[in-house]
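**Student:**
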Amino acid sequence: MGYQTVVILDFGGQYKELIARRVRECNVYSVVKPGSISVEELTEINPIGIILTGGPNSVYDESSPHCDRRIFDMGIPVLGICYGTQLLAWSVGGEVAPCVTGEYGRTKMKVNPQSLIFEGLEDNQVGLMSHTDQITVLPEGFASVAETEVCPNAAVECPERKLYGIQFHPEVESTPKGKRMIRNFLYNVCGAKGDYTLRNLEKVLIEQIREKVGDSHVLLGLSGGVDSSVCAALLSKAVPGQLHCIFVDHGLMRKDEGDEVEAAFKDRDLHFVRVNAGERFLRALKGVTDPEQKRKIIGAEFVKVFEDESAKLPDVKYLAQGTIYPDVIESGDGKAATIKSHHNVGGLPDDMKFEGVVEPLRGLFKDEVRTLGRRLGLPKAFVERQPFPGPGLGIRVIGEITEEKLEILRNADAIFREEVVKRRVKAEQYFAVITDTRSVGVVGDFRTYDYTIALRAVRTSDFMTCEYAPIQHKVLGIVSSRIVNEVNGAGRVVYDITGKPPATVEWE
Ligand code: XMP
Numbered sequence: 046m047g048y049q050t051v052v053i054l055d056f057g058g059q060y061k062e063l064i065a066r067r068v069r070e071c072n073v074y075s076v077v078k079p080g081s082i083s084v085e086e087l088t089e090i091n092p093i094g095i096i097l098t099g100g101p102n103s104v105y106d107e108s109s110p111h112c113d114r115r116i117f118d119m120g121i122p123v124l125g126i127c128y129g130t131q132l133l134a135w136s137v138g139g140e141v142a143p144c145v146t147g148e149y150g151r152t153k154m155k156v157n158p159q160s161l162i163f164e165g166l167e168d169n170q171v172g173l174m175s176h177t178d179q180i181t182v183l184p185e186g187f188a189s190v191a192e193t194e195v196c197p198n199a200a201v202e203c204p205e206r207k208l209y210g211i212q213f214h215p216e217v218e219s220t221p222k223g224k225r226m227i228r229n230f231l232y233n234v235c236g237a238k239g240d241y242t243l244r245n246l247e248k249v250l251i252e253q254i255r256e257k258v259g260d261s262h263v264l265l266g267l268s269g270g271v272d273s274s275v276c277a278a279l280l281s282k283a284v285p286g287q288l289h290c291i292f293v294d295h296g297l298m299r300k301d302e303g304d305e306v307e308a309a310f311k312d313r314d315l316h317f318v319r320v321n322a323g324e325r326f327l328r329a330l331k332g333v334t335d336p337e338q339k340r341k342i343i344g345a346e347f348v349k350v351f352e353d354e355s356a357k358l359p360d361v362k363y364l365a366q367g368t369i370y371p372d373v374i375e376s377g378d379g380k381a382a383t384i385k386s387h388h389n390v391g392g393l394p395d396d397m398k399f400e401g402v403v404e405p406l407r408g409l410f411k412d413e414v415r416t417l418g419r420r421l422g423l424p425k426a427f428v429e430r431q432p433f434p435g436p437g438l439g440i441r442v443i444g445e446i447t448e449e450k451l452e453i454l455r456n457a458d459a460i461f462r463e464e465v466v467k468r469r470v471k472a473e474q475y476f477a478v479i480t481d482t483r484s485v486g487v488v489g490d491f492r493t494y495d496y497t498i499a500l501r502a503v504r505t506s507d508f509m510t511c512e513y514a515p516i517q518h519k520v521l522g523i524v525s526s527r528i529v530n531e532v533n534g535a536g537r538v539v540y541d542i543t544g545k546p547p548a549t550v551e552w553e
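Under my numbering, the first residue of the sequence shown is numbered 46, with each subsequent residue one higher.
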């Protein structure tokens, strides 16, 4: 992107993404690459610094990930973290061995503020440790600059060669001054200028889009989610009048959502096509109860509608996608585009012919995408949206999907979401599900036989695992009472208290 860049080399640690984000928070661009990167590729990237991540292995195992030792002779500053520091020391002549007692959790340590890495810090620090191996013999020219009760080499350095290693994890919040340590590495050792800011990022992305697209037309499948919405806003600013957004309203959106998407884009300089395909989807889903089959039908129907609509457009040369950086990291460089489209819109047809794909957000993390969206003037509700699955309410209606059940679900879900926001409940994702169970109730003197609504609210940082949100009983009571009183057809409310694993976030 033309920015000073720091390369994060991945050795299997769970925090690689976090390290990359911390570096960017310090206004330095970062990319994650496999630990096996070649010296040639590194030379091409021309980074101002390299960070080696942690990992679960032991450097002595033959199967453990190593890197080309020549990397340490390139003159590029290197910071090893956890396994990365052991790998660094071992690669340049030091020794690593199992600790007598491993260290786990927040650990007190003494650091040497004379070190460029700890500049400006007090000597008493706390760092998150998680290791069973440690450096036992320092490589030549290295000195220890931090120690804990059991680890004499909690941080090591060889300033002449610009090689640094930290046994603990500076990237996590449990290391209170960790961000300052990363910042020190970037600015004191790598000579960072801090040229990566979201203000100039918008300008850079717009220039890149213009250069790639020229005066051709671009097609984007807009779902109303954060990524595709920000992508649309950015493209319409970069190439006004050349963007065609197809918004397939499959009738499985939340209450009023279709209209909100339309309203957010109607005054922008793009061609917006909303396809109200609800009936078509319901027809295709009639009688279907199996979750996987529902997902497949919704995906296939989406493709058909998208194809039908795009065939009506003028000559469109580029397909835009809202792929973001975590998708790229997770699926391995180069494969992300297909995975994203599959995940988000049920898979776009392979045989649609385009001259190229435009993925302007491909290098950005979610929080950066949100900030960019705010800068581009998208409504707060859009930018801060919680995740919503591609198949929509289709996988939150258990059993056969009918318009009656969808209507009950939309109303119950809207009440729950309203109360969660109003009462400031802490949850990253929250929604209602309509079960296929009806139960007997009594309203006034009459018997009722209505659907059971399940509420789901989860706390999670990555949606790969989650805990149920411990919502106060009082709040659950208010939501339950509102749903059974205000929503026709809802007769009972239950709260899902299962974590993932073993349950998943969605019910289907
Ligand atoms: P699960 O149910 O697998 O969900 O625990 C994890 C996260 O992914 C979302 N999800 C989807 N998102 N297309 C999407 O774009 C899908 O088909 C899909 N299925 C689940 C879910 O809402 C949660 O945030």
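Every residue, glycine too, gets a C-beta built ideally from N, C-alpha and C.
All figures in this text were calculated on a predicted structure; none of them were measured in a lab.
What are the residues that DSSP puts in a beta bridge with Tyr513?
**Tutor:** Val503
**Student:** Looking at the unbroken alpha helix (DSSP H) that takes in Met174, where does it start and where does it end?
**Tutor:** No alpha helix (DSSP H) holds Met174; the beta strand (DSSP E) holding it covers 169 to 182.
**Student:** What are the start and end residues of the alpha helix (DSSP H) that includes Met559?
**Tutor:** No statement about residue 559 is possible, as the shown extent of the chain runs from 46 to 553 and does not include it.
**Student:** Could you tell me the alpha carbon to alpha carbon distance between Phe476 and Asp301, rounded to whole angstroms?
**Tutor:** Near 15 Å, if we compare the C-alpha coordinates of Asp301 and Phe476.
**Student:** Report whether the distance from the Cβ of Thr480 to the nearest heavy atom of ligand 1 is below 8 Å.
**Tutor:** Answer for Thr480: no, Cβ out of range of ligand 1.
**Student:** In whole angstroms, give me the CA-to-CA distance for Arg206 and Leu97.
**Tutor:** 16 Å
**Student:** What does DSSP give as the partner residue(s) for Leu124 in the beta ladder?
**Tutor:** Ile96, Tyr209
**Student:** From what residue to what residue does the beta strand (DSSP E) around Asn321 run?
**Tutor:** 316 to 321
**Student:** State the beta-bridge partners of Lys78 as determined by DSSP.
**Tutor:** Leu54
**Student:** Counting beta carbon pairs with one atom in the region 266 to 274 and one in the region 235 to 249, are three or more of them shorter than 8 Å?
**Tutor:** no
**Student:** At a cut-off of 8 Å, is Thr549 close to ligand 1 when judged by its beta-carbon and the heavy atoms of the ligand?
**Tutor:** yes
**Student:** Could you pull out every residue in the same chain whose Cβ sits closer than 6 Å to the Cβ of Pro436, ignoring the five residues on either side in sequence?
**Tutor:** Arg340, Ile343
**Student:** Residue range of the beta strand (DSSP E) that Phe230 falls in?
**Tutor:** Taken as a continuous stretch (DSSP letters only), Phe230 belongs to no beta strand (DSSP E), as it is neither H nor E.
**Student:** Does any heavy atom of ligand 1 sit closer than 8 Å to the C-beta of Phe508?
**Tutor:** Proximity of the beta carbon of Phe508 to ligand 1 is indicated: a heavy atom of the ligand is located closer than 8 Å.
**Student:** Can you name, in chain order, every residue of its own chain whose Cβ lies under 6 Å from the Cβ of Tyr128, other than the five neighbours on each side?
**Tutor:** Phe56, Gly99, Gly100
**Student:** Using a Cβ-based criterion (distance less than 8 Å to any ligand heavy atom), does Phe326 qualify as near ligand 1?
**Tutor:** no
**Student:** Around the C-beta of Gln287, are 16 or more other C-beta atoms found within 10 angstroms, so that it is buried, or is it exposed?
**Tutor:** Here Gln287 is buried. Its C-beta has 16 or more other C-beta atoms within 10 Å.
**Student:** Might you give, ordered along the chain, the residues of its own chain that have their beta carbon closer than 6 Å to the beta carbon of Val538, omitting 5 neighbours on each side?
**Tutor:** Ile498, Ser525, Ile528
**Student:** In terms of residues, what are the limits of the alpha helix (DSSP H) holding Ser160?
**Tutor:** First-last for Ser160: undefined, no H or E at that position.
**Student:** Cα separation between Gly210 and Pro184?
**Tutor:** 12 Å
**Student:** According to DSSP, which residues form a beta bridge with Arg492?
**Tutor:** Val487
**Student:** Between which two residues does the alpha helix (DSSP H) harbouring Cys276 extend?
**Tutor:** 271 to 283
**Student:** Rounding to the nearest angstrom, what Cα-Cα distance links Pro336 and Leu330 in this structure?
**Tutor:** Pairing Pro336 with Leu330, the inter-Cα distance amounts to about 11 Å.
**Student:** Just how far apart, CA to CA, sit Ala502 and Glu512?
**Tutor:** Inter-residue distance for Ala502 and Glu512 is about 9 Å (C-alpha atoms, whole angstroms).
**Student:** Using 10 angstroms around the beta-carbon of Asp240, count the other beta-carbons present and answer buried if the total reaches 16, otherwise exposed.
**Tutor:** exposed
**Student:** Taking the beta strand (DSSP E) that Leu288 belongs to, which residues open and close that run?
**Tutor:** 288 to 294
**Student:** Rank Arg462, Gly536, Lys238 by C-alpha distance to the C-alpha of Gly486 and give the top, closest one.
**Tutor:** Comparing Cα-Cα distances from Gly486 to each of Arg462, Gly536, Lys238, the minimum goes to Gly536.
**Student:** Could you check whether Gln431 and Val402 sit closer than 9 Å to each other, using their CB atoms as the reference points?
**Tutor:** no
**Student:** For Leu87, tell me which candidate among Lys61, Pro122, Glu140 has the shortest Cα-Cα distance.
**Tutor:** Pro122
**Student:** Can you tell which of Ser83, Lys411, Arg66 has its C-alpha closest to the C-alpha of Tyr76?
**Tutor:** A small correction: the amino acid at residue 76 is Val; Tyr does not occupy that position in the sequence shown. Residue Arg66 is the option with its Cα nearest to Val76.
**Student:** Between Gly435 and ligand 1, is the CB less than 8 Å from at least one heavy atom?
**Tutor:** yes
**Student:** Using the Cα positions of Thr181 and Leu409, report the straight-line distance between them to the nearest angstrom.
**Tutor:** Here the alpha carbons of Leu409 and Thr181 stand approximately 39 Å from one another.
**Student:** Assuming Gly303 is part of the beta strand (DSSP E), what are its boundary residues?
**Tutor:** Looking at the DSSP string, Gly303 is not in any beta strand (DSSP E); the run it does join, the alpha helix (DSSP H), is 302 to 310.
**Student:** Please state whether DSSP places Lys257 in a helix, a strand or coil.
**Tutor:** helix
**Student:** Answer yes or no: the CB of Ile443 versus the heavy atoms of ligand 1, is any distance below 8 Å?
**Tutor:** no
**Student:** By how many angstroms is the C-alpha of Phe399 removed from the C-alpha of Leu364?
**Tutor:** Their Cα atoms are separated by approximately 6 Å.
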